[in-house]
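Enquirer: First the structure, which I've put down as structure tokens, then a few questions once you've had a look.
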Amino acid sequence: MSQSVPSRAKRPLAGTSAVGSRPGRKLGLTVGAVSGVKQMFPMAIGLIPFGVTIGATIASSSVDVFAGWLGGPLIAAGSAHLASLTLVDRGAPALAVLLAALAINARLAGYSAALAPSFRLQPTWFRWVGSYFLIDQTFALAMDQPDRESAAFRSFYIAAGSTLFSTWVAAITVGLATGAVIPVSWNLWMAAPLIFTGMAAQAVRDRSALVSALVAAVVALLLADLPAGVGLLIAIGAGALAGAFARQGLA
Amino acid sequence: MRDLFLIAAVALVSFGLRASFIALAPGRALPERVERVIGQLRPSAFAALATTAVVSHGGAAAPHLLAVIAVGWVARRGSLLAAFAVGFVVLLSGIHLL
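One line per chain: the protein sequences are A and B, in this order.
Using numbering that gives the first Met the number 0, read the first sequence as starting at 0 and increasing by one per residue.
Using numbering that gives the first Met the number 0, read the second sequence as starting at 0 and increasing by one per residue.
So this is what it looks like as structure tokens:
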């Protein structure tokens, strides 16, 4: 197939939408898919330790193993998954679990809003399938593409998302399988605090985010004795509002 | 059954956020005020979760605060992967702050 159209094989991804013939179109889809896999692969590898840690956390917690694992392919967002596991393990009310996940994943609505103008020109089925694969890494790659309205982009995006999510689920599965044999002396229960601390440190990119994080941490400390999840939600809300006011004041 | 229900509910919420403007309400945009608050939810949520996760283990977590500090310090200066690696090395080495 590629031998019959050698000149088209040299076109960049964005140019494949102009290809009219069937062999050319299939080449564009193939090139898009291969590009998606290649660009996502390094990021997918980087997520393996996090996925393994989540799997091991499921194994060492009181959360139902199947339910915990199912969060991998269904929630498909590590930090929200880990937060949910932590809260469910502590017996937090359902509303607290949902609102914590909502707070952590709220940025996904921002990504959705940013991609919406170009996705509007895509077929309906892709808008739903593409939504499932929307996370930090796929958003970053999608925003890098000059043409987000073509069939080649659909191929690229689905291939990239599939690469990421299949690696993610595999890592969780490995963690789940090996977590039960990890000695208690390794203090694996510290994995969640360490991961959240690292993410908090990286999320603080400016003064308003620092205000947000500090207020949230102090409020969480002060309300630590409240029932599981309640103090957490108040802390998240207080931190976010403080950060938003700080941002408005700095603008 | 409760755990399965909660995980499924979180998955539904997460998908709803992803599909919010792409598939559910295409053509709408986020108000600026809402965007400003959303931008602060992530640092707030992670800081609150980290604090809660440490405090919930009470005195058992105190010896491991060095690992927590190490992760935060490295994460600010480098990759998250490097931060986790350093944190787990400190954790497994048994080096304590107190």
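Think of the CB as a built atom: it goes at the ideal place given N, C-alpha and C, for glycine as much as any other residue.
Since the structure is predicted, the reported quantities are computational estimates derived from the model, not experimental observations.
With 7 Å as the threshold, decide whether the Cβ of SER92(B) is near any Cβ in chain A.
Expert: Cβ-Cβ to chain A under 7 Å: no for SER92(B).
Enquirer: Thinking just about the alpha-carbon of each residue, which of PHE40(A), GLY90(A), LEU97(A) is nearest to the one in PHE14(B)?
Expert: The candidate whose alpha carbon is nearest that of PHE14(B) is LEU97(A).
Enquirer: State the DSSP-derived secondary structure class of ASN186(A), mapped to helix, strand or coil.
Expert: Three-state result, ASN186(A): coil.
Enquirer: Pull out every residue of the segment 28-53 of chain B whose Cβ sits closer than 7 Å to any Cβ of chain A, in chain order.
Expert: Those residues of the segment 28-53 of chain B that come within reach of chain A (Cβ to Cβ, closer than 7 Å) are ALA28, LEU29, GLU34, ARG35, VAL36, ILE37, GLN39, LEU40, ARG41, PRO42, SER43, ALA44, PHE45, ALA46, ALA47, LEU48, ALA49, THR50, THR51, ALA52, VAL53.
Enquirer: Buried or exposed: where does ARG35(B) fall if 16 or more other Cβ atoms within 10 Å of its Cβ makes it buried?
Expert: Classification for ARG35(B): buried.
Enquirer: Cβ of GLN144(A) within 7 Å of Cβ of MET42(A)?
Expert: Result no, Cβ atoms of GLN144(A) and MET42(A) do not sit closer than 7 Å.
Enquirer: Taking buried to mean at least 16 other C-beta atoms within 10 Å of its own C-beta, is ASP88(A) buried or exposed?
Expert: Buried is the call here.
Enquirer: Would you say VAL9(B) reaches chain A, if we count a Cβ-Cβ gap shorter than 7 Å as a contact?
Expert: True, the Cβ-Cβ gap to chain A drops below 7 Å.
Enquirer: Please give the ranges of any alpha helix (DSSP H) in the segment 42-103 of chain A, keeping only runs that are unbroken, at least 4 residues long and fully inside the region.
Expert: As far as the segment 42-103 of chain A is concerned, its whole alpha helix (DSSP H) runs of at least 4 residues are 64-74, 77-88.
Enquirer: Quick check on LEU179(A): does DSSP put it in helix, strand or coil?
Expert: Reading off the sequence shown, one finds Ala at residue 179(A), where the question assumed Leu. The answer is coil: DSSP assigns ALA179(A) none of H, G, I, E or B.
Enquirer: For the alpha helix (DSSP H) containing SER207(A), list its first residue and its last residue.
Expert: First-last of the alpha helix (DSSP H) with SER207(A): 206-221.
Enquirer: With 7 Å as the limit, tell me which residues of the segment 61-83 of chain B have their beta carbon closer than that to any beta carbon of chain A; keep them in chain order.
Expert: Those would be HIS63, ALA66, VAL67, VAL70, GLY71, ALA74, ARG75, LEU79, LEU80, ALA82, PHE83, in chain order.
Enquirer: Buried or exposed for LEU97(B), going by 16 or more other Cβ atoms inside 10 Å?
Expert: Bear in mind that a pLDDT of 49 at LEU97(B), under 50, signals an unreliable position, so the number given afterwards is only what the model happens to contain. Flag for LEU97(B) reads exposed.
Enquirer: Which residues in the same chain have their Cβ closer than 6 Å to the Cβ of PHE49(A), if we skip the five residues on either side of it in sequence?
Expert: Once the five neighbours on either side are set aside, the close Cβ partners of PHE49(A) are GLY77.
Enquirer: Is LEU5(B) close to chain A, meaning its C-beta is less than 7 Å from at least one C-beta of that chain?
Expert: Taking Cβ atoms only, chain A reaches closer than 7 Å to LEU5(B), which makes this a yes.
Enquirer: Just to confirm, are PRO25(B) and ALA115(A) a CB contact at a threshold of 7 Å?
Expert: Yes; because the gap between Cβ atoms is below 7 Å, this pair is in contact.
Enquirer: Which residue wins for smallest C-alpha separation from GLY238(A), given the options VAL218(A), SER149(A), TYR156(A)?
Expert: For the residues VAL218(A), SER149(A), TYR156(A), the minimum Cα distance to GLY238(A) belongs to VAL218(A).
Enquirer: Measuring only the C-alpha atoms, how far is ALA75(A) from SER130(A)?
Expert: Approximately 11 Å between the Cα atoms of the pair.
Enquirer: Is the distance from the Cβ of LEU64(B) to the Cβ of VAL89(B) below 7 Å?
Expert: Contact: no.
Enquirer: With three or more beta-carbon pairs closer than 8 Å as the criterion, would you say the segment 217-236 of chain A touches the segment 187-207 of chain A?
Expert: With the cut-off at 8 Å, the segment 217-236 of chain A and the segment 187-207 of chain A do not touch.
Enquirer: How big is the Cα-Cα spacing for ARG106(A) and ALA82(A)?
Expert: When rounded, the distance between both Cα atoms is 16 Å.
Enquirer: Tell me where the alpha helix (DSSP H) around ARG41(B) begins and ends.
Expert: Looking at the DSSP string, the run of the alpha helix (DSSP H) that includes ARG41(B) is 31-54.
Enquirer: Measure the C-alpha to C-alpha separation of ALA150(A) and PRO122(A) and round it to an integer number of angstroms.
Expert: Roughly 10 Å separates the two Cα atoms.
Enquirer: Is GLY248(A) helix, strand or coil when you go by DSSP?
Expert: In the structure shown, GLY248(A) sits in a helix (DSSP, three-state: H, G or I).
Enquirer: I want to see whether chain B comes within less than 7 Å of PRO192(A), judged by CB atoms only; does it?
Expert: Yes, PRO192(A) counts as interfacial toward chain B.
Enquirer: Mind checking if VAL88(B) is an interface residue toward chain A, Cβ cutoff 7 Å exclusive?
Expert: No, VAL88(B) does not count as interfacial toward chain A.
Enquirer: Where do the N-terminal and C-terminal ends of the alpha helix (DSSP H) with SER111(A) fall, by residue?
Expert: Looking at the DSSP string, the run of the alpha helix (DSSP H) that includes SER111(A) is 106-118.
Enquirer: Please list the terminal residues of the continuous alpha helix (DSSP H) segment that includes GLY228(A).
Expert: No alpha helix (DSSP H) holds GLY228(A); DSSP gives it neither H nor E.
Enquirer: Decide yes or no for the touch test of the segment 38-48 of chain B against the segment 174-184 of chain A: beta carbon pairs closer than 8 Å, at least 3 of them.
Expert: Judged by Cβ distances under 8 Å, the segment 38-48 of chain B makes no contact with the segment 174-184 of chain A, as fewer than three pairs qualify.
Enquirer: So what's SER149(A) in DSSP terms, helix, strand or just coil?
Expert: Three-state DSSP puts SER149(A) in coil, outside helix and strand.
Enquirer: Could you compute how far the alpha carbon of SER92(B) sits from the alpha carbon of PRO182(A)?
Expert: Near 14 Å, if we compare the C-alpha coordinates of PRO182(A) and SER92(B).
Enquirer: Between ASN104(A) and the rest of its own chain, which residues show a CB-CB distance below 6 Å, the 5 nearest in sequence each way excluded?
Expert: Excluding sequence neighbours, ASN104(A) sits near ALA76, ALA79.
Enquirer: DSSP state of SER165(A), grouped into three classes?
Expert: In the structure shown, SER165(A) sits in a helix (DSSP, three-state: H, G or I).
Enquirer: Mind listing the chain B neighbours of VAL62(A)? Cutoff is C-beta to C-beta under 7 Å, in chain order.
Expert: In chain order: ASP2.
Enquirer: Indicate whether the contact test is met: 3 or more Cβ pairs, each with one atom in the segment 241-249 of chain A and one in the segment 74-83 of chain B, closer than 8 Å.
Expert: Output reads no: the segment 74-83 of chain B does not touch the segment 241-249 of chain A.
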